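The number in this note's numbering is simply the position in the sequence shown, starting from 1, with 816 added. For reference, the structure discussed in these notes is given below.
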Amino acid sequence: MTHTEQVIANALALVEASRAARERDQLRRAAWQRKVELSRPLPRPVQLPLALN
Numbered sequence: 817m818t819h820t821e822q823v824i825a826n827a828l829a830l831v832e833a834s835r836a837a838r839e840r841d842q843l844r845r846a847a848w849q850r851k852v853e854l855s856r857p858l859p860r861p862v863q864l865p866l867a868l869n
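See the structure below:
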């Protein structure tokens with residue numbers, strides 16, 4: 817493998833690693849956002865029905 821081919825291979829590997837890291841970060845942020853959405857308090861009190869049948 818020539819030096820030029822090695823440089824190109826290294827650059828492609830760097831691009832792929834960067835893409836994978838970005839995708840992992842997006843998944844982590846999406847999971848965090850879901851947790852935040854679930855942990856938000858309700859805007860007003862909610863009375864749940866209680867069926868006593």
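Glycine residues also receive a C-beta, built at the ideal position from the N, C-alpha and C atoms. These numbers come from a predicted model, not from an experiment.
C-alpha distance - Pro861 paired with Asp841, whole-angstrom precision: Their Cα atoms are separated by approximately 35 angstroms.
Pull up the distance between the alpha-carbon of Leu854 and that of Gln863, whole angstroms please. Leu854 and Gln863: Cα-Cα distance of roughly 18 angstroms.
Beta-carbon contacts of Asn869 that lie in its chain and below 8 angstroms, excluding the five residues immediately before and after: So the list is empty, once near-sequence residues are dropped.
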